[in-house]
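Single-structure report; data block below.
What follows is the structure, encoded as structure tokens:
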């Protein structure tokens, strides 16, 4: 693109960059111009461009630098073509007439002409014509098409809806809003029932939002598209589910957007969801599932009716839900008979699915460490004077060599392992500040024994033994008031 085709700010920036290039034309290694470098140079100069705003000026510098790069590539190509033409037009050096008399005598012999061993080379002009257009300009370079691996859009197979626990309400909402319209589109059309275009799943981290979306797609047996860039292919794969994880990262509120690009992304998403109307897609159903930890950070236009029609809240599971989650997780793990899921569910308030999985992992590691210690040789050569810790002993036991195979019957997690793991696993709600556990204990309080007994009966025992109180028909108090004089 010649400079005369540039307009306004780009033309002025083009002249400035050409001036900078001319200043370094004699350098052996010309500097590589960057957007920030050119911007700083313009700000330090007396040019009128120094008064321009930063964002438009940087965008203009970016466009001009890309233009200059293309121009340099075209100049290099033209230089190569001219060099080839010069080489083709240069006459070959005349062969010196060595042994001229012998050659003349050999011509008079009646010998069959030997075929030339030299390969005939094509005329250079033909190759030059292939590189040129009819008007003499060089042909544009052809970009090699990159081989793109075909994306796998089949339903997920690593998770099933039967593996989920404590999500009955969420699954019930998905069945009513997605399963029936997707499996019976004709009935919905005849009954004038508008299917949901989107369902927003929100909740704290680790509560199973992504797993719920994958399991539900597997249960439906439809195509699963987990990438936002593939929304354009939704029509070819319908019926399908489009899943967007962490939607708040790219679909935030437009009034808080720092760049115009972020606003355009939200606007494009709104258009895509409006195009998912079954009337525009010949009755095909495409539902968008999105997951987020911060639903209030999403642009309000996405949450209105007609786009994300339904919202599924996956909060911190209660005791009943935690027990169901533990039973699902432990069904794939060998556990001892003394493991009680009810007690574990009661001892894990504030735990989400990811925290319970971490609890099982820590208990399994403790069991493995114990089995390694038991199976390692007891008469290891260790300095008796050194006081080794259990961790160091375990390290030497592993490095001693391959261990004996552990019997499958011994590899069973006991209740003791879970209780020990509870001391080290911290729930995500506590890590993120949703709840705190005070460090004050009864050892810090003197006297007040009668008050302590009443508090233990009114609060602690009702939480630890709810079945006993419910059997006796005693309900929990709505509140406890502590009163007394105020002392400075």
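In the UniProt record's numbering, the protein residues as written are 1 to 488.
Built from N, CA and C at the ideal position, the CB exists for glycine as well.
- Query: Secondary structure at residue 288, three-state DSSP: helix, strand or coil?
  - Reply: strand
- Item | Backbone CA spacing between residue 365 and residue 347 [nearest angstrom] | 20 Å
- Apart from the five residues on each side of it in sequence, which residues of its chain come closer than 6 Å, Cβ to Cβ, to residue 421? 359, 362 and 363
- Given residue 263, which residues of its chain have a CB within under 7 Å of its CB, disregarding the five upstream and five downstream residues? 254 and 257
- Message: Under 8 Å: do the stretch 309-319 and the stretch 192-212 share three or more Cβ pairs, one atom per stretch?
- Response: yes
- Check whether the Cβ of residue 473 sits closer than 8 Å to any heavy atom of the ligand SAH, and report yes or no. Among the components of this structure there are no ligands whatsoever, and the ligand SAH is therefore not found.
- Can you tell me which of the three DSSP states residue 246 falls into? coil
- Item | Alpha-carbon spacing of residue 310 relative to residue 457, whole angstroms | 43 Å
- Alpha carbon to alpha carbon, what distance is there between residue 427 and residue 460? 20 Å
- Under 6 Å Cβ to Cβ from residue 117, same chain only, skipping five residues before and after it: list those, please. Reliability fails at residue 117, whose pLDDT of 45 lies under 50, so the model's placement of it is uncertain and the value that follows must be treated cautiously. Nothing meets the Cβ criterion.
- Query: What number of angstroms, rounded off, separates the C-alpha of residue 75 from the C-alpha of residue 270?
  - Reply: 44 Å
- Is the beta carbon of residue 321 less than 9 Å from the beta carbon of residue 221? no
- Rounded to the nearest angstrom, how far is the Cβ of residue 305 from that of residue 323, given a contact under 8 Å? Wrong, their Cβ atoms sit about 36 Å apart, outside the cutoff.
- Query: Near residue 22, which residues of its chain fall below 7 Å by C-beta distance, leaving aside the five closest residues on each side in sequence?
  - Reply: none
- Local Cβ density within 10 Å of residue 331, reported as buried at 16 or more and exposed below that: exposed
- Determine the direct distance from the alpha carbon of residue 300 to that of residue 50, and round the result to whole angstroms. 39 Å
- Task: Report buried or exposed for residue 449, applying the criterion of at least 16 other Cβ atoms within 10 angstroms of its Cβ.
- Result: exposed
- Proximal residues to residue 38 (C-beta, below 6 Å), its chain only, five neighbours per side dropped: 61
- Query: Alpha carbon to alpha carbon, what distance is there between residue 78 and residue 126?
  - Reply: Below a pLDDT of 50, predicted positions are generally treated as unreliable, and residue 126, at 48, falls in that range; no measurement from the model is reported.
- Query: Helix, strand or coil for residue 467 per DSSP?
  - Reply: helix
- Measure from the alpha carbon of residue 45 to the alpha carbon of each residue in 32, 34 and 16, then state which is nearest. 16
- Message: Between the alpha carbons of residue 351 and residue 430, how many angstroms are there, rounded?
- Response: 9 Å
- Please report how far the alpha carbon of residue 349 lies from the alpha carbon of residue 326, in whole angstroms. 13 Å
- Message: Out of 65, 160 and 24, which one is the CA nearest neighbour of residue 36?
- Response: 65
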